[in-house]
Amino acid sequence: MESKAKIFQAKSEKVAFDRDHRKILNYNIGQYDKAVKKGKHFFRDLENAREQASKIKDYCLQEFDQLLIKFEKNARGNGCEVEWASNAHDVLKIVGKILAAEDIRTVVKMKSMISEEVELNHFLHKNKVESFETDLGEFIVQLAGEKPYHILTPAMHKSKESVAELFNLKFGLDNTAKPEEITAFVRDFLRAKFMSAELGFTGANFLIAETGSVALTENEGNGMLTFSWPKILVVIAGIERLLPELNDLDLFWPLLAVHGTGQHVTAYNSILSGPAKDSEGDGPSRMVVILFDGGRTKLFQESEMRQALKCLRCGACLNACPIYKNVGGYTYQTTYTGPIGSVISMYMDGNADMGFLNFASSLCGKCTDVCPIKIPLHNLLLTNRKKIVESSDSLGVERFFFQNYKKYMLRRKRLERVSPKWKNKAMSTFGVKVWGPRRDNLVFAKESFHQTWKKKEF
Ligand code: SF4
């Protein structure tokens, strides 16, 4: 079987030269850039806000175990059932039990990358449970039989024309339907599903330890319907989603909104503190929170790498990354893509072979610049590279090359012992593979700069 690294290279080669893909991506990221630039002015002192947020998240990592236990205790106190899952198998086992006990046939889902991590839709399909994504972008990719292209904007790779074609194919809508018409159609279509679904799934943007609450943020109102209509709510949350106090949302919600979409604050922000009380007319009668590890404690054990657990999943580093912008989301073959995906994927369950993604970076540092939590992403990429190189035998050829490169570059005499003619011969025989087919041939000059300089008379 072809290795994932080879697949990555082959896909990148294809996607990077796909003009249509590039045009759509450039347009969508261009719109995002404009909105975020404007949105950042909402903060009087953005740097200070980032610094504060980073410190709060550092505190969460320092007190990781205590805050998790505190969240669990308080969530139980609110009437939630809290389950712990160390891997995807555990999550699906818990979900399977709920589905069987409650005889669930239809579920609605709010956008959640964790559900992608555990392949929830695949599991539901296998168990003959109808599952509907209710975020418009997610609905589109589900309809197309695809996975989310981007952690925040799942259908970023699609043009409005291709979406209209898709709805024509699946629902017979006019193939020139406008985005507003498609949105209105989806709203009606999903309204019926919300009303008939017995269970709703959500992720969690934040887990508030102080109150045992789940905080969710969204723009379409589909999340509110997901957790208020069905009688059972299952929240699958990564254990790193912690915030110590409710007041912290004051900082984190706007910070996430600005970096995610350029908004001051997203349209709908909800805090769920347990199932509906007797006095409340709507809301689920049962609320289960599944705290999912999935490799996060492995990441936590690495003292430097654990900073990646501070991520808010805002997507800013993806939009800034020159590699992501060229190769696109699907080349990565991982749930999390772009710089943050490259950093964390090799620690996540079942992804030990994804270390090569750390080398798919120009290390320009733009990801670090834009991160609202100040995660030093490009440094973490370098740390992972070092770790891979030190532990790998498969890079023997590369190590041999660089050892010799260093040896020759440090001794000019050695470097000049080989004539330009032989250097050019070696380049044309072995170098093309390294140099790549898209660059002009590398031709060595008849004499080196050093030799020319020596001849110069002043
Ligand atoms: S690493 Fe930073 S920029 Fe990237 S998704 Fe996470 S919070 Fe956003």
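In this text, residue positions in the sequence shown follow our numbering: the first is 16, and each later residue adds one.
Built from N, CA and C at the ideal position, the CB exists for glycine as well.
In the structure shown, L372 adopts helical secondary structure according to DSSP, grouped into three states. Distances taken from the Cβ of P290 to the heavy atoms of ligand 1 include none shorter than 8 Å. Checking the 8 Å criterion, the Cβ of R328 is within range of a heavy atom belonging to ligand 1. When the five nearest sequence neighbours on each side are left out, the beta carbons in the same chain lying within less than 8 Å of the beta carbon of Q67 are those of L266, in order along the chain. One alpha carbon belongs to S243, the other to F209, and they sit about 9 Å apart.
Between T281 and W268, the C-beta spacing is below 9 Å. Under the DSSP assignment, I197 falls in the alpha helix (DSSP H) whose first and last residues are P194 to S211. Distance check between A252 and each of L264, N334 and N220 places N220 closest, using alpha-carbon atoms only.
At a Cβ-Cβ threshold of 9 Å, F307 and I254 count as neighbours. Burial state of R311 is buried, judged by a 10 Å Cβ sphere holding 16 or more other Cβ atoms. At least one heavy atom of ligand 1 lies less than 8 Å from the C-beta of I388. Beta-bridge annotation (DSSP): R301 is paired with I247. The beta carbons of V51 and V273 sit closer together than 9 Å.
Burial check for P452: the Cβ neighbour count within 10 Å stays below 16, so the residue is exposed.
Membership of K402 in the alpha helix (DSSP H) is indicated by the continuous run L392 to S406. The residue among T383, L378, T352 and D384 with its C-alpha nearest the C-alpha of M369 is T352. Exclusion of the five residues before and after R321 leaves L76, L314 and F315 as the residues of its chain whose Cβ lies within less than 7 Å of its Cβ.
Taken through DSSP and simplified to helix, strand or coil, S357 comes out as helix. Closest in alpha carbon position to A323, among N334, R256, C336 and L271, is R256. According to the DSSP secondary-structure assignment, S146 is paired through a beta bridge with V122. For V273, the three-state secondary structure derived from DSSP is helix.
The three-state reading of DSSP puts I388 in coil, since its state is none of H, G, I, E or B.
Taking K340 as the centre and dropping the five residues before and after it, the same chain places the C-beta of L40 and I44 closer than 7 Å to its C-beta, in chain order.
Within the segment 310-353, the runs of alpha helix (DSSP H) at least 4 residues long that lie entirely inside it are, in chain order, 311-316, 331-335 and 337-342. Under DSSP, I286 takes part in a beta bridge, and its partners are A230. Using a C-beta cut-off of 8 Å, the segment 420-432 makes no contact with the segment 358-373, since fewer than three inter-stretch Cβ pairs fall below that distance. In the DSSP assignment, E117 falls outside any beta strand (DSSP E) and lies within the alpha helix (DSSP H) extending over A103 to E117. Look at V280 here: in three-state DSSP terms it is coil, with no helix or strand label.
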